[in-house]
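Taken in order, these protein sequences are the chains called A and R.
For the first sequence, the numbering used here begins at 10 and goes up steadily by one.
For the second sequence, the numbering used here begins at 2 and goes up steadily by one.
Built from N, CA and C at the ideal position, the CB exists for glycine as well.
All figures in this text were calculated on a predicted structure; none of them were measured in a lab.
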Amino acid sequence: MSVVDKTPADGLEGHVFASGWVVGPRIVKKLGASGANFGVCYMATRGDERAFVKAVDFRLAFTAPNFLAAITELASHATWEKDVMEYCQQHGLSKVVRLISHEEVLLPSANGDPFQKISCLIMEVGDGDLRGALSAVGARPASWMIYVLRDIGLALDQLHRKGIAHLDVKPSNVIEVSAPGVAIGASMKLGDLGRVVRKGLDGPFDAITWPGDPMYRPPEKLYGFRCQQWVDEREAADAFLLGSLLMFLFTGLPMPTLMHHQTPEPYRTGVYRGQFDQALIDVLVRAQSEVLATFLAPTLPAGCKSEVLAIAAELTHPDPRQRGDKRARQQGLIGIDRYHQRFLRIARRQEYAERAARR
Amino acid sequence: MKQLLPPRRLIPRWRRVSSTLEQPEAMGANSDGQVVQTATDMEAFERSVMEWEASPTAGHLGDVLAFSIASDCADAVSEIARKALRMPGVPTPPQVRLMKSLTDSGVDDSGDSISTLGICNPHVQQQVREVRQLLRLNPANPLVLLDFAQLQLASGKPKRAERALLSSLNLSPNNRTILRTLARFYVHMGRADQAHSLIAKHERTKVDTWLMASEIALSQTAEVNSRFLSKGWKIARDRTGRLQDIAELAGAVGGVELINGKDKQARELYRIALLQPNDNVIAQAINDQRRLGIDIRQPIEMHGAFESPEAQVLLAWRGLDTIEAERNAFRWHAEEPFSSRPIQFLASLFGIAGRYEDGEKIARRGLVADPASGSLYTSLAYCLACVGKLEDAEVTAWKAMRLEPEKFEPHTSATLGLIAMKRGEFELADSLYLRAVELFTGRQHPRQAMAICYAYYARSAFDSGHPKAQEILSKALDLFKDARSEDAALVLRKLTEDIGADPDEEGLRRLYQWIYDEENNTVVRRDALSAKGAPALTIKPKRDQ
Chain A
10 MSVVDKTPAD GLEGHVFASG WVVGPRIVKK LGASGANFGV CYMATRGDER AFVKAVDFRL
70 AFTAPNFLAA ITELASHATW EKDVMEYCQQ HGLSKVVRLI SHEEVLLPSA NGDPFQKISC
130 LIMEVGDGDL RGALSAVGAR PASWMIYVLR DIGLALDQLH RKGIAHLDVK PSNVIEVSAP
190 GVAIGASMKL GDLGRVVRKG LDGPFDAITW PGDPMYRPPE KLYGFRCQQW VDEREAADAF
250 LLGSLLMFLF TGLPMPTLMH HQTPEPYRTG VYRGQFDQAL IDVLVRAQSE VLATFLAPTL
310 PAGCKSEVLA IAAELTHPDP RQRGDKRARQ QGLIGIDRYH QRFLRIARRQ EYAERAARR
Chain R
2 MKQLLPPRRL IPRWRRVSST LEQPEAMGAN SDGQVVQTAT DMEAFERSVM EWEASPTAGH
62 LGDVLAFSIA SDCADAVSEI ARKALRMPGV PTPPQVRLMK SLTDSGVDDS GDSISTLGIC
122 NPHVQQQVRE VRQLLRLNPA NPLVLLDFAQ LQLASGKPKR AERALLSSLN LSPNNRTILR
182 TLARFYVHMG RADQAHSLIA KHERTKVDTW LMASEIALSQ TAEVNSRFLS KGWKIARDRT
242 GRLQDIAELA GAVGGVELIN GKDKQARELY RIALLQPNDN VIAQAINDQR RLGIDIRQPI
302 EMHGAFESPE AQVLLAWRGL DTIEAERNAF RWHAEEPFSS RPIQFLASLF GIAGRYEDGE
362 KIARRGLVAD PASGSLYTSL AYCLACVGKL EDAEVTAWKA MRLEPEKFEP HTSATLGLIA
422 MKRGEFELAD SLYLRAVELF TGRQHPRQAM AICYAYYARS AFDSGHPKAQ EILSKALDLF
482 KDARSEDAAL VLRKLTEDIG ADPDEEGLRR LYQWIYDEEN NTVVRRDALS AKGAPALTIK
542 PKRDQ
């Protein structure tokens with residue numbers, strides 16, 4: 010069996026796509042050998058425009074212990090992400106990072122060998138992600154943070170209306186996109202659709218309890234619990250991630266981290282041996298309240314404290330069956346649409362208050 | 002005086018929820034499933050660290066700190082936290098707070114300065130504010146409602162406490178912790194029959210050993226027959242279930258056997274209970290130790306539960322260590338601010354130490370939460386008399402007697418004797434004290450009660466310059482030698498140097514022994530009660546060839 014050190018995707022720098030994009034230097038190290046993370050990333054330019062390129066080739070899959078399974082997995086994940094991004098682009102989901110084009114490349118160095126073909130996703134690039142935007146304490150005003158939540162809430166609403174659950178909302182996937190002419194707002198988009206599940210469509214992650222980042226998953230997924238209904242199983246998870254993003258913006262910490270450290274040790278994952286039952290939920294509800302009171306409340310401005318706290322409490326409720334807007338829940342929905350509208354109102358009000366304070 | 006307290010039963014304890022959730026009794030019904038584990042993506046962690054080092058922003062730091070929930074990254078995250086704490090202006094205040102907890106460099110601001118003695122406990126008031134804040138965030142918070150109820154009760158608002166408890170039960174009707182807590186509340190309110198009925202009739206009790214244990218103990222308090230005694234007895238005897246889940250059950254059944262005079266069966270049941278006891282079982286075992294005759298300090302496994310404040314108070318009291326007893330009584334009081342038991346210990350300690358004003362304050366605080374406590378009125382009356390507030394003392398002493406005439410008549414008589422002593426009316430004082438001693442003869446442990454009464458008689462005689470003080474002291478010492486008790490010892494120690502702690506380690510039975518087998522050169526542990534005074538290790542000699 011031959012050992013592959015370098016793949017064709019490593020040599021894309023300088024290549025010019027048919028669409029005119031010129032590949033620049035590689036921007037991240039090659040990721041690991043697991044299927045869905047497999048890819049090499051570059052920046053690309055086309056005149057004044059910039060883009061992000063994710064290049065996937067399959068040669069490295071041959072080094073996996075079971076190369077047929079690795080090939081299959083890699084192919085399904087790559088196709089899945091491409092198809093979702095194309096779908097989002099076709100349906101005008103404005104708050105999701107846009108797919109510019111998908112191209113397959115055979116470099117001259119391949120000498121016509123079709124097995125060295127590279128699949129490239131060329132995507133909209135931002136000015137960085139949310140982690141960089143929170144450079145230090147007080148770097149951004151509260152209104153900006155709430156605008157971010159509005160943008161991501163809207164992104165999730167757009168996705169959910171199309172039967173797509175993101176399941177990987179985290180600061181590194183919230184991209185700051187320059188929006189010329191936009192005087193207010195945060196101009197954030199939601200990126201990385203590599204882990205989505207789709208209602209009514211079979212996908213590579215359907216059977217996985219939690220396809221997203223394990224460090225950000227909702228409490229019911231920490232304990233291996235699954236709901237029967239799509240709304241409770243997937244949309245409620247996205248709602249939690251939105252609530253966790255709220256926590257991250259104001260405290261610098263995601264909700265699962267805070268909940269973990271506030272939960273008594275006998276109930277933490279890795280120790281707890283019971284079911285995800287009412288007794289556990291009662292403990293988690295208590296931990297949630299303590300987190301909100303201790304960590305979030307002191308960071309909120311007085312003018313929007315009670316509203317933001319209430320939203321945080323609803324979005325991060327430990328029981329997925331109770332998560333979401335109370336009125337929407339009566340109709341069996343999460344109510345993500347209500348949240349981004351509330352965020353917009355609160356953000357505008359807070360922005361006016363901040364301007365008045367500066368005068 | 003500890004003697005004033007009602008007999009201790011193994012009814013549920015009502016601690017702060019944060020303490021209770023660390024106990025095995027709070028775990029769910031199915032606590033023997035598999036642990037859910039997920040392998041950490043170390044490459045993602047390394048990438049996150051790399052990005053933080055390249056761009057040390059609060060946002061990148063938060064991404065790294067997200068890995069603090071993974072046990073295999075804990076050390077690395079702690080190291081990063083230490084470095085980040087030295088970068089002012091970058092970490093957010095919540096990040097700083099978390100990082101301090103990860104690196105143990107934070108100051109515990111939980112506020113353990115509980116030795117303020119105002120009637121209104123400032124710590125209770127502060128805690129009420131904090132709990133209200135939690136309930137504003139989410140009123141449907143069953144466990145927080147338990148803490149709220151406890152604090153309301155400690156503040157003298159039992160109706161609010163009951164409403165909170167009933168709301169909690171409504172939100173989570175099958176929660177064991179809530180059921181036990183509500184039962185404990187009913188006992189505190191003098192409604193033991195209601196407490197028993199709540200547990201006995203609940204459908205969960207027949208399959209839940211903790212609730213079964215509560216039902217059995219509550220049946221004793223309510224003086225009714227237990228529905229689950231025989232079932233509980235079988236479970237304890239056969240050790241059906243995890244040892245930690247049957248500890249209270251075995252203890253509760255053991256308590257019944259003790260009352261019925263079946264000491265041998267009681268000892269065996271307590272031995273099972275002490276294999277993996279909780280703090281409640283430990284405290285009960287210390288309380289009953291003299292009767293059981295077992296050495297409960299032996300097993301190392303008990304160390305965790307041994308640290309509970311109530312157990313430490315009982316042990317310190319037994320060892321006549323008033324400093325440790327006071328320190329732990331305050332800890333106990335912080336854990337159960339509504340309960341008059343720790344307050345009674347404190348009032349006694351202050352009375353013995355001559356800190357009568359402190360004794361008055363703490364007794365008054367106890368009466369806020371438990372206004373029907375004759376014990377506290379008796380202690381209060383004693384302290385008032387000792388500081389010269391004789392009229393107030395007299396009124397208070399009569400209050401105790403009106404609450405439970407039969408129980409507190411001797412105590413009231415003794416207090417009136419003290420008042421007469423303070424007024425210099427020695428003949429009247431003598432007759433009142435002797436009347437009190439006579440009334441104790443018809444009680445449980447009469448010789449001990451008489452000895453305690455005489456000890457206080459002797460003390461008040463010396464304090465007041467009674468011409469026959471020495472004679473009274475001699476009589477007190479004679480009675481004490483015949484019927485030792487810590488209450489009497491602590492009082493008499495102030496008058497004579499001959500009083501020491503009771504050396505109770507001799508003649509106790511061990512819960513287990515080590516057997517060294519010379520033949521096989523092995524040491525095995527034999528889990529059975531030993532004979533009285535048996536050594537920790539015995540040798541099984543080689544067989545003669």
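Buried or exposed (CB count within 10 angstroms, at least 16 for buried), residue i
i	result
I217 (chain A)	exposed
Q24 (chain R)	buried
N279 (chain R)	buried
T182 (chain R)	buried
T178 (chain R)	buried
N521 (chain R)	exposed
S114 (chain R)	The predicted model places S114 (chain R) with a pLDDT of 40, which falls under 50 and marks its position as unreliable; any figure quoted below should be read in that light. Per the 10 Å Cβ criterion, exposed.
K482 (chain R)	exposed
V396 (chain R)	exposed
Residue span of the alpha helix (DSSP H) that contains residue i, given as start and end
i	result
Y361 (chain A)	345 to 367
T539 (chain R)	No alpha helix (DSSP H) holds T539 (chain R); the beta strand (DSSP E) holding it covers 538 to 541.
M559 (chain R)	The question about residue 559 (chain R) has no answer here: the residues shown for chain R are numbered 2 through 546.
S85 (chain A)	76 to 99
V125 (chain R)	123 to 138
S79 (chain R)	75 to 86
Nonlocal neighbours in the same chain, by C-beta distance under 6 Å from residue i, ignoring five residues either side
i	result
E258 (chain R)	Q266, A267
W1 (chain R)	With chain R covering only 2 through 546, there is no way to say anything about residue 1 (chain R).
V317 (chain A)	L309
I355 (chain A)	I155, C313, E316
V369 (chain R)	G157
Minimum C-alpha distance to residue i - residue among the options
i	options	result
A452 (chain R)	R:P411, R:D479, R:L99	R:D479
A382 (chain R)	R:Q445, R:E358, R:L493	R:E358
I131 (chain A)	A:M154, A:D201, A:I80	A:D201
Q271 (chain A)	A:F234, A:Q125, A:R243, A:Q297	A:Q297
V62 (chain A)	A:E82, A:S85, A:R35	A:R35
A430 (chain R)	R:L154, R:Y457, R:K408	R:Y457
K423 (chain R)	R:G389, R:E216, R:R342	R:G389
S549 (chain R)	R:E407, R:C384, R:G534	Look at the range of chain R in this structure, 2 to 546, and you will see that residue 549 (chain R) is not part of it.
I287 (chain R)	R:G256, R:K263, R:N261	R:G256
F304 (chain A)	R:Q134, R:D239, R:Y517, R:L199	R:Q134
G274 (chain A)	R:A196, R:I70, R:P123, R:F46	The question names Gly, yet the displayed sequence has Glu at residue 274 (chain A). The residue with the shortest Cα to Cα distance from E274 (chain A) is R:I70.
V294 (chain A)	R:Q290, R:I420, R:L138	R:L138
K126 (chain A)	A:L258, A:D166, A:G20	A:G20
I273 (chain R)	R:R292, R:K263, R:I260, R:D246	R:D246
E327 (chain R)	R:I217, R:E224, R:A354	R:A354
Enclosing beta strand (DSSP E) for residue i [first to last residue]
i	result
F61 (chain A)	58 to 65
W515 (chain R)	514 to 518
T497 (chain R)	Segment: none, T497 (chain R) is in no beta strand (DSSP E) and carries neither H nor E.
P34 (chain A)	31 to 35
L51 (chain A)	What sits at residue 51 (chain A) in the sequence shown is Tyr, not Leu. Taken as a continuous stretch (DSSP letters only), the beta strand (DSSP E) holding Y51 (chain A) covers 49 to 55.
T523 (chain R)	523 to 527
S110 (chain A)	108 to 114
E185 (chain A)	183 to 185
L199 (chain A)	197 to 199
Near the ligand MG: residue i beta-carbon under 7 Å from a heavy atom
i	result
D57 (chain A)	Of the ligands one can find in the structure shown there are none, so the ligand MG has no counterpart to examine.
Cut-off 7 Å between Cβ atoms - residues of its own chain near residue i, not counting five sequence neighbours on either side
i	result
N142 (chain R)	L135, L136
L244 (chain R)	L276, Q277
Neighbourhood of residue i by C-beta, 8 Å cutoff - its chain only, sequence neighbours within 5 removed
i	result
A58 (chain R)	Inspection of the sequence shows that residue 58 (chain R) is occupied by Thr rather than by Ala. Hits under 8 Å: V91.
P536 (chain R)	Q514
P265 (chain A)	M224, Y225, R226, P227, P228, L231, S253
I'd like the ranges of any alpha helix (DSSP H) spanning at least 4 consecutive residues and lying wholly in the stretch 214 to 291 of chain R. 230 to 239, 244 to 260, 264 to 274, 280 to 288
Ordered list of alpha helix (DSSP H) runs contained in the stretch 248 to 317 of chain A, each at least 4 residues: 264 to 271, 287 to 300
Tell me the start and end of each unbroken alpha helix (DSSP H) in the stretch 113 to 169 of chain A that is at least 4 residues and wholly inside, in chain order. 139 to 142
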